[in-house]
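Worksheet: the structure to be examined is printed underneath.
Protein chains: 2
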Amino acid sequence: MPPQPRRATIGDIARRAGVSKGAVSFALNDRPGVSAETRQRILAIAQELNWRPNSAAQALGQSRAGVIGFVLNRPARILGTETFFPELLSGIQLGLSPAHTALHMLVVSSLEEEVETYREWWHAHRVDGVIVVDPRANDPRLALLDELGLPGVLIGSHPSRDTSVPTVWVDDSEAARTLFGYLAALGHRRLAHVAGTAEFEHTLLRSEVLQSFVGQFSLESATSTPTDYSAEAAASETRRLLSLPERPTAIVYDNDVMALAGLRVAHEMGIAVPGSLSIASFDDSLMVRLVRPSITTLTRDTVELGEVAVRTLLDALDATAPVPSRPGPAPQLSVRESTAPPPRA
Amino acid sequence: MPPQPRRATIGDIARRAGVSKGAVSFALNDRPGVSAETRQRILAIAQELNWRPNSAAQALGQSRAGVIGFVLNRPARILGTETFFPELLSGIQLGLSPAHTALHMLVVSSLEEEVETYREWWHAHRVDGVIVVDPRANDPRLALLDELGLPGVLIGSHPSRDTSVPTVWVDDSEAARTLFGYLAALGHRRLAHVAGTAEFEHTLLRSEVLQSFVGQFSLESATSTPTDYSAEAAASETRRLLSLPERPTAIVYDNDVMALAGLRVAHEMGIAVPGSLSIASFDDSLMVRLVRPSITTLTRDTVELGEVAVRTLLDALDATAPVPSRPGPAPQLSVRESTAPPPRA
DNA sequence: TTGAAGAACTAAACCGATTTAGTCAACTTT
DNA sequence: AAAGTTGACTAAATCGGTTTAGTTCTTCAA
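So the sequence lines, in the order shown, correspond to chains A and B. The opening residue of the first sequence carries number 1 in the numbering used here; numbering runs sequentially from there. The opening residue of the second sequence carries number 346 in the numbering used here; numbering runs sequentially from there.
Pasting the structure below:
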């Protein structure tokens with residue numbers, strides 16, 4: 001092991017420049033209190049010694065940590081299968097780069113762990129603020145952020161209420177109305193919805209919209225079935241649906257993986273898509289555009305969503321007054337090859 | 346904004362317990378120097394005050410930061426399209442969770458930025474170690490880690506040489522031999538390889554293997570074309586290949602997105618897969634299993650790879666002697682519906 | 001009964017930055 | 001020319017832990 005270089009400190013710079021540590025701090029932070037020449041001299045020495053601020057020392061001194069936090073409460077194994085998460089992360093990073101801020105992230109497996117993590121991060125002054133996803137009813141996390149005074153942004157489905165945490169929201173009801181409405185307009189009267197887990201707000205919202213359409217469009221059937229988002233669950237639910245005497249003429253899936261699994265089952269059962277069955281997904285991805293038939297989806301710019309969330313958080317860090325909630329990018333219906341009018345009876 | 350609670354410090358605990366800060370520190374860290382009763386009393390008070398250590402203060406005191414770093418030098422926008430990255434991240438998090446260590450991550454857009462980031466992190470004592478991906482010839486990053494004495498692990502294609510940085514390696518030549526060899530064994534004599542960017546080591550290794558097979562299996566044609574990993578590039582290259590007078594009977598793609606794009610082009614041109622054309626990919630993913638025909642791939646457990654890398658890094662942090670390189674999980678050939686013997690001439 | 005050893009603790013230094021209070025000289029003002 | 005102002009700087013406190021060098025008290029052996 002080669003000899004390790006010593007980290008240069010402002011003390012080293014001060015000694016070399018023949019000034020006090022305070023003067024060095026003023027010079028490096030562009031604050032008044034040193035002459036132009038001295039400032040120049042100090043900056044030159046700092047450069048020469050290859051000095052970088054010690055963030056631990058800075059954080060200890062009550063100033064900004066230069067880090068935002070992101071806790072994800074999901075089984076770590078499935079991160080790779082979902083499209084949402086890496087895209088959101090891309091957006092977060094895009095928003096962070098110009099601010100020269102790093103991301104501190106942790107995957108946990110329970111709400112309690114998530115709450116505990118925020119508490120620890122706040123105590124340790126490890127992060128300046130956090131991004132919170134997957135809102136819940138009476139969310140304990142928002143109460144905690146309020147209690148601690150830890151800045152945060154929530155990514156959710158409606159502007160935040162009874163919390164000072166601003167939300168970047170995408171109207172999931174509206175999105176669901178767009179997608180189900182399009183299928184109803186095509187003439188479909190037997191719709192099925194292969195949903196995700198019921199604990200998430202958007203799952204509920206989508207199911208509610210579908211039920212509200214029953215009367216409005218005089219649907220013959222309209223069922224939402226919760227699943228665990230897996231391809232297997234989607235496949236078996238699709239087999240069940242397509243084996244019904246009065247099988248649905250359109251199935252909508254809550255994510256892209258399930259839609260692909262459903263498409264495969266339709267083929268396996270010899271049911272033509274979109275001839276005999278229309279398929280659509282609430283999640284877009286590169287994959288569902290590349291398969292045959294390509295799948296009609298709601299295209300949401302998740303990257304943009306992450307970017308807006310970060311910008312909102314950074315604003316909140318600078319602001320003295322609470323920052324208002326903001327709408328995120330609106331989902332667009334991308335009609336592709338997997339949807340068509342239902343077959344004539 | 347509600348009144349913010351004050352962070353409890355060991356000073357607060359000391360005052361309540363009527364002891365010194367030192368005693369509290371001993372008690373909380375399970376070190377000798379306090380009696381069992383006093384320790385109990387201190388722990389009780391710490392719990393009551395909801396105390397958590399301030400990581401900034403701990404890091405400042407030369408001890409462990411409890412964080413490892415990961416810098417990704419990729420366009421942030423594409424993170425969401427690749428399978429490799431979120432899977433690796435899943436594995437990293439899986440390895441990190443039991444150690445109660447957080448991940449500090451940053452996306453940059455150049456090698457210089459990446460190097461600078463390591464330097465800053467080291468200076469700031471922000472991370473205890475780093476995970477480095479995408480090895481290059483004469484990699485300046487490894488030299489830097491050696492120079493700084495910053496612990497790191499490299500994820501690469503062979504055990505590390507002339508650096509003390511241990512590697513978790515997956516033998517890419519062997520993997521390429523397996524995949525190209527299987528196609529040759531099926532009887533294919535005109536192979537094409539739609540590759541990624543040439544700057545990555547594994548791209549070169551794969552092309553070399555293909556060339557070495559020309560003589561060994563008396564191939565009629567064997568071309569590797571570099572691309573930018575995009576679906577568009579793969580589609581147009583596939584169109585070109587399939588328009589040749591003597592078109593290849595098998596095409597191998599460097600990732601799953603390109604394989605899917607190629608499959609779509611084959612269909613668009615009315616070329617049956619696997620009847621007239623075999624298709625395979627070096628990257629597996631849930632998606633290529635769900636499409637029709639499902640695609641033959643090399644299945645690499647990227648999640649496991651990330652986990653092994655983290656464990657190696659954590660070992661290196663604890664160890665006094667250099668930690669040896671370790672092989673990662675070996676890729677397995679997953680034969681699916683997209684490959685078959687070539688059509689009879 | 002004296003001395004040594006050990007346990008249980010305290011006081012204070014330390015890590016590297018920021019920040020406040022204060023010093024000193026030069027310059028302005030009337 | 002005395003008073004006030006400003007600029008350039010220093011010394012020292014501070015953040016919250018860890019760690020080292022003592023100090024005090026108890027206990028046990030010779």
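We put the beta carbon where it would ideally sit given N, CA and C, even for glycine.
So that I know if they touch, is there some Cβ in chain A lying closer than 8 Å to that of Q438/B? yes
Report the neighbours of P86/A on chain B: residues whose CB is nearer than 7 Å to its CB, in chain order. Here the neighbours are L424, G425, F430 and P431.
In chain B, which residues lie less than 8 Å from L103/A when you measure between Cβ atoms? H449, M450 and L451, listed in chain order.
May I ask you to list, following chain order, the residues of the segment 266-294 of chain A that have a beta carbon less than 7 Å from some beta carbon of chain B? H267, L286, M287, L290, V291 and R292
Under the DSSP definition of a beta bridge, which residues are partnered with Y348/A? Since the first and last residues shown for chain A are 1 and 345, residue 348/A lies out of range.
So what does H158/A bridge to, in DSSP terms? Note: H158/A sits in no beta bridge, so no partner.
Within the continuous beta strand (DSSP E) that includes H104/A, where are the two ends? Run containing H104/A: A102 to V108, per the beta strand (DSSP E) assignment.
I believe L608/B touches I616/B by the beta-carbon criterion, under 8 Å. Please report the beta-carbon distance rounded to the nearest angstrom. Actually they are not in contact, since the Cβ atoms of L608/B and I616/B sit about 10 Å apart, beyond 8 Å.
Hey, is H125/A's beta-carbon within less than 8 Å of any beta-carbon in chain B? yes
Evaluate T197/A with the Cβ neighbour count: other Cβ atoms within 10 Å of its Cβ, from every protein chain shown; 16 or more gives buried, anything less gives exposed. Exposed is the call here.
Taking only the alpha-carbon atoms, compute the straight-line gap between R637/B and D516/B and give it to the nearest angstrom. Answer to the nearest angstrom: the Cα atoms are 30 Å apart.
With distances taken Cα to Cα, identify the nearest neighbour of R190/A among I155/A, R177/A and S221/A. S221/A
Supposed contact pair V265/A and E87/A - C-beta distance, whole angstroms, cut 8 Å: Wrong, their Cβ atoms sit about 26 Å apart, outside the cutoff.
Check P3/A in the structure and name its three-state DSSP category. Its pLDDT being 49, under 50, P3/A is placed unreliably in this model, and the value from its coordinates should be taken loosely. Three-state result, P3/A: coil.
Looking at N418/B and E382/B, is the spacing between their C-beta atoms short of 8 Å? no
Is DSSP giving R681/B helix, strand or coil here? coil
Is it true that the segment 172-184 of chain A meets the segment 203-212 of chain A, where meeting means three or more beta-carbon pairs spaced less than 8 Å apart? In short, these stretches touch, since the Cβ pair count reaches three.
Terminal residues of the alpha helix (DSSP H) in which I358/B lies: I355 to A362
Residues near P485/B by beta carbon distance below 8 Å, same chain, minus five either side: L456 and V460
Should I437/B and V655/B be called a contact, given that it needs their Cβ atoms to be closer than 8 Å? yes
Between the segment 101-109 of chain A and the segment 156-168 of chain A, can you find at least three pairs of beta-carbon atoms closer than 8 Å? Contact fails: fewer than three Cβ-Cβ distances are below 8 Å.
Indicate whether P480/B and S454/B have their beta-carbon atoms separated by less than 8 Å. no
When the Cα atoms are used, what is the spatial distance from M1/A to E613/B? Below a pLDDT of 50, predicted positions are generally treated as unreliable, and M1/A, at 40, falls in that range; the measurement from the model is reported next regardless. M1/A and E613/B: Cα-Cα distance of roughly 58 Å.
Report the partner residues of I350/A according to the DSSP bridge assignment. Since the first residue shown for chain A is 1 and the last is 345, residue 350/A is missing from the structure and cannot be characterised.
Residue closest to I596/B, alpha-carbon to alpha-carbon, out of P377/B, A537/B, H547/B and F627/B: A537/B
Assuming R397/B contacts R64/A under a Cβ cut-off of 8 Å, what Cβ separation, rounded to an integer in Å, is found between them? Contact flag wrong, Cβ pair sits at about 20 Å.
Could you work out which residues of chain B lie near R119/A, taking near to mean beta carbons separated by less than 8 Å? N395 and R397
If we count the other Cβ atoms within 10 Å of its Cβ and call it buried at 16 or more, is N600/B buried or exposed? buried
Do you know offhand how far T568/B's Cα is from F85/A's? 36 Å
When you compare the CB of S347/A with every CB in chain B, is at least one pair closer than 8 Å? One cannot answer for residue 347/A here, as it falls past the ends of chain A, which runs 1 to 345.
Where R422/B and G306/A are concerned, what is the direct C-alpha to C-alpha distance, given to the nearest angstrom? Cα to Cα, R422/B sits roughly 11 Å from G306/A.
N- and C-terminal bounds of the beta strand (DSSP E) containing S569/B: S566 to T570
Compare the C-alpha of S400/B against each of L43/A, H125/A and I279/A and name the closest. Answer by Cα proximity: H125/A.
Cβ-based burial, G406/B [other Cβ within 10 Å; buried from 16]: exposed
Within-8 Å CB hit, A401/B to chain A: Flagged as an interface residue toward chain A: A401/B, by a C-beta distance shorter than 8 Å.
DSSP bridge partner residues for L145/A (one or two, in chain order): Beta-bridge pairing links L145/A to no other residue.
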